[in-house]
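**Student:** Let me give you the structure first, and then I'll get to my questions.
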Amino acid sequence: MEKWFLLLTLLLFFMNESSEMKCKPTSSDILGPFYYPDPPRQRLFCQYKRETGAKKNVPLHVVGIVFAQDCKTPLRRVKVEMWQANHEGKYKNETNCRGFVRTNKYGIYKLKTIYPGKYTTSANADDFRPAHLHFKINGKNGHKSLVTQMYFAGDKHLGEVDSCYGCSSHRKDLIIKPKRVCNRKNLCVDVAEFNITLSKGKGLHVSKAIFEEDNLVC
């Protein structure tokens, strides 16, 4: 599967060179209750297996570049933490679905996982959070650390219907549409390109929950 990553890295460079980006820091999001400091280093999240019930049984590869505030300078050796629910929408305390990777000399990070499941945040069966991945990017070279989340285009629980009122699922820069890539043997992976731009300064760029309940369940 390393050949996948080589191909994805090349595609990422071409996509980034050919697209016009509006230069602004990536939107922040709330931290939520399921963050644990000092997760293990790994590139295979949620055991990277085609779990029964996982969306389309297709692995999800997340790749991106971490940029400085100028949106041009890649930041190397940046620690990128990620945690998520499993395909059933459950967070587990063990390390299966949480960990960190580092950007390479080109500022690129990459990880392999599965689609996260959705979950309700109250007794109301309609109070769903959209599927999402949590990220914490540790700032360096005069840039703030960033807490954010990545969402999936087409999710019917984005924005105003998100049960987390203080979350940022309405932010367009956090909503990603994965692309499916298949080889000659018809083995496919979904690729989500999630580039991240940090803001200059010290401290942590994180959103504040509107209601205390959001800190407890989102």
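In this text, residue positions in the sequence shown follow this note's numbering: the first is 19, and each later residue adds one.
The beta-carbon is built from N, C-alpha and C at its ideal position, and this holds for glycine as well.
#1: Which full runs of the alpha helix (DSSP H) of 4+ residues lie inside the region 52 to 127, going along the chain?
#2: Select from V81, N114 and F52 the residue whose C-alpha is nearest the C-alpha of Q60.
#3: Quick one: measure Cβ to Cβ for G125 and P92, integer angstroms, because I've assumed they're closer than 8 Å.
#4: For a test of the three-state rule: what should DSSP assign to D191, helix, strand or coil?
#5: Is it buried or exposed, F229, if we count other Cβ atoms within 10 angstroms and call 16 or more buried?
#6: Determine the direct distance from the alpha carbon of F52 to that of K130, and round the result to whole angstroms.
#7: Within 8 Å, do at least three Cβ pairs link the region 173 to 180 to the region 101 to 121?
#8: For the region 184 to 194 and the region 154 to 172, state whether three or more C-beta atom pairs, one from each stretch, are separated by less than 8 Å.
#9: On a Cα-Cα basis, can you pick out the residue from S217, Y183 and K226 that is closest to V84?
#10: Could you give the C-beta distance for P134 and A103, rounded to a whole number, given that I count them as a contact under 8 Å?
#11: Straight-line CA distance for C89 to A227?
#12: Start and end of the beta strand (DSSP E) containing D208?
#13: Reducing DSSP to helix, strand and coil, say where V199 ends up.
#14: Just how far apart, CA to CA, sit G50 and R202?
#15: Considering Cα atoms alone, identify which of G219, I214, E231 and S187 is closest to C41.
#16: Can you tell me the Cβ-Cβ gap for H79 and V209, rounded? I've got them flagged as a contact below 8 Å.
#17: Please classify V224: does DSSP put it in a helix, a strand, or coil?
#18: N204 to Q65, Cα distance in whole Å?
#19: Quick check on P43: buried or exposed, where buried means 16 or more other Cβ atoms within 10 Å of its Cβ?
#20: Hey, out of T139, Y109 and F153, whose CA is closest to S45's CA?
#21: Report buried or exposed for K128, applying the criterion of at least 16 other Cβ atoms within 10 angstroms of its Cβ.
#22: Does DSSP put L176 in a helix, in a strand, or in coil?
**Tutor:** On the basis of the supplied data:
#1: Counting whole runs of 4 or more residues, the region 52 to 127 contains no alpha helix (DSSP H) stretch at all.
#2: Of the candidates V81, N114 and F52, N114 places its Cα closest to the Cα of Q60.
#3: 2 Å
#4: helix
#5: exposed
#6: 20 Å
#7: no
#8: The region 184 to 194, when compared against the region 154 to 172, does touch it at the 8 Å Cβ threshold.
#9: Considering only alpha carbons, the answer is S217.
#10: 5 Å
#11: Each residue's alpha carbon lies about 27 Å from the other.
#12: C206 to E211 is the span of the beta strand (DSSP E), which, as asked, contains D208.
#13: strand
#14: 41 Å
#15: I214
#16: The Cβ separation is near 5 Å, so the contact holds.
#17: coil
#18: 22 Å
#19: P43 is buried by the Cβ-count criterion.
#20: F153
#21: Counting the other CB atoms within 10 Å of its CB gives K128 a total of 16 or more, which places it among the buried residues.
#22: coil
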